[in-house]
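Reading through the structure tokens given below for one structure.
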Amino acid sequence: MKPYVTLSMALFLIIMLGTSSYNVDYGVGDIVSDFTLKNVDGKMVALSDYDDGIGVIIIFDCNTCPYSKAYNDRIIALNKKYATVGFPVVTVNSNNAENSRGDSFDEMVALAKRKNYDFPYLVDDTQRVARLFGATNTPHAFVLKRNGKTFEVAYIGAIDNNSRNGSLADKKYVEEAVNALLAGQPVPTPKTKAVGCGIQWKNS
Amino acid sequence: MKIFILFFAFLNTTVGVSQKPQTIKLHDLQKIINAKTEKIQIINFWATWCGPCVKELPLFEELNAAARNNIQVTLVSLDLDLDPDPEKVYKFIARKNIRSQVLLLDEADPNSWIDKVDKAWNGSLPATIFINQKTGERKFIGKELQEGELEKYIEEMQ
Chain X
1371 MKPYVTLSMA LFLIIMLGTS SYNVDYGVGD IVSDFTLKNV DGKMVALSDY
1421 DDGIGVIIIF DCNTCPYSKA YNDRIIALNK KYATVGFPVV TVNSNNAENS
1471 RGDSFDEMVA LAKRKNYDFP YLVDDTQRVA RLFGATNTPH AFVLKRNGKT
1521 FEVAYIGAID NNSRNGSLAD KKYVEEAVNA LLAGQPVPTP KTKAVGCGIQ
1571 WKNS
Chain G
138 MKIFILFFAF LNTTVGVSQK PQTIKLHDLQ KIINAKTEKI QIINFWATWC
188 GPCVKELPLF EELNAAARNN IQVTLVSLDL DLDPDPEKVY KFIARKNIRS
238 QVLLLDEADP NSWIDKVDKA WNGSLPATIF INQKTGERKF IGKELQEGEL
288 EKYIEEMQ
């Protein structure tokens, strides 16, 4: 009996290790692996480039989802408010551009130009980073707090609780999380859910 | 004059054909989810702006049309989360001639209610819940359904 138990446990571990390298699905408190993706200006951007700030607001976003459109100005405003105090925004588009032509690299470049993005808009064409984070929706925010050379997940979820109109939102989750981290306080609401477009995966 | 009457009569009939979906709150939806029914319930969450949702709608329509008495299809639109005006949904239903029951969920603050619908749901669309109240079985599918999958999941619940 015993050898079977150990064998099955070993198999289980192998399977777990095999999948975890691809699908980590971060939770609050997890340490994030570094990643490097191409920005709309053609240059590569790594998470580890942000080693002198307080943290980073990663937002999985896209060109085509009506929720992304509704939140676009709010995302731009987040960077304006927090980049100067060491908490910049980095947006990532993981949508499969083969199915969603409006999410092609050229369209991303055009949107960033049209809206004068002063933060990266990275293309995750292998979808590896979205899978690593466990991002599901657009926009889907991950607030990361820097600890030395590593980044820890401090908040996962929606930007605020009113997709229709940001000025009517009475819970601004990302701002509350960043304000708490800037003040050295615990994040009041570390995880939220929101209605939104699913990320358009390849082969699904 | 006669032409006018005919014209208005025509307008009336076209309006009459397209069903106006009811707007509901979370507690109404929970009543449907928990209804003591012999039927297998299929509750689909969708929106007019959601491409994969619109693509899979015909599967629900076919199932509803073939309606064996033991199946209840409900299409819950979440369009109101982004746009308070239901007119776009009314027009969509008329244009696509949707026959299944459509309801419009009108609830603010999604984080407060998504888990109450299903803990497995991350809030993205489309999403479908299969419920067999007789056996207490429940299945949640958080992605677009392919041809034949509805029947497969129903089969698994019987």
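Chains as they are written, first to last, in our numbering: chain X, 1371 to 1574; chain G, 138 to 295.
Note that the Cβ used here is the ideal one computed from N, Cα and C, for glycine as well.
| Query | Result |
| --- | --- |
| Limits of the unbroken beta strand (DSSP E) element including K1519 of chain X | Element bounds for K1519 of chain X: n/a, residue is neither H nor E. |
| Extent of the continuous alpha helix (DSSP H) run through L166 of chain G | L163 to I170 |
| Given 8 Å, three or more beta-carbon pairs between the stretch 281–289 of chain G and the stretch 154–174 of chain G | no |
| Selected residue, minimal CA-CA separation from P189 of chain G, among G:V254, G:Q283, G:L219 and G:E293 | G:Q283 |
| Cut-off 7 Å between Cβ atoms - residues of its own chain near S1403 of chain X, not counting five sequence neighbours on either side | L1502 |
| Status (buried if at least 16 other CB within 10 Å, exposed otherwise) for A1564 of chain X | buried |
| Pick from G:E292, G:G279 and G:I268 that is closest to A172 of chain G, judged by C-alpha positions | G:I268 |
| Alpha carbon of Y1420 of chain X to alpha carbon of S1470 of chain X, nearest angstrom | 30 Å |
| Reference S1533 of chain X; option with closest CA among X:A1440, X:D1431, X:V1479 and X:A1447 | X:A1440 |
| Exposed unless 16 or more other CB atoms sit within 10 angstroms - verdict on P1556 of chain X | exposed |
| Beta carbon proximity, N259 of chain G to chain X, threshold 8 Å | yes |
| Members of the stretch 1421–1442 of chain X that neighbour chain G once the beta carbon cut-off is set at 7 Å | P1436, Y1437 and A1440 |
| Neighbour list for T1562 of chain X in chain C, Cβ cutoff strictly below 7 Å | Given the protein chain composition of this structure (X and G), no chain C is represented. |
| Contact list for A1528 of chain X against chain G, beta-carbon separation under 9 Å | P247, N248 and G260 |
| Proximal chain G residues relative to S1533 of chain X, where beta-carbon distance stays under 9 Å | D218, L219 and P247 |
| When X:T1406, X:I1428, X:K1542 and X:G1504 are compared against I1569 of chain X, the one with the closest alpha-carbon | X:G1504 |
| Limits of the beta strand (DSSP E) - the one that L1502 of chain X falls within | Looking at the DSSP string, L1502 of chain X is not in any beta strand (DSSP E); the run it does join, the alpha helix (DSSP H), is R1498 to F1503. |
| Start and end residues, beta strand (DSSP E) containing R275 of chain G | E274 to I278 |
| Whether V296 of chain G touches L240 of chain G by CB criterion (8 Å) | Any property of residue 296 of chain G remains undetermined from this structure, which presents chain G solely from 138 to 295. |
| Extent of the continuous alpha helix (DSSP H) run through K289 of chain G | E286 to M294 |
| Test: D222 of chain G CB closer than 8 Å to a CB of chain X | no |
| Whether G1399 of chain X touches R1516 of chain X by CB criterion (8 Å) | no |
| K228 of chain G beta carbon near the ligand PLP (any heavy atom closer than 7 Å) | No copy of the ligand PLP appears in this structure; indeed no ligand is present at all. |
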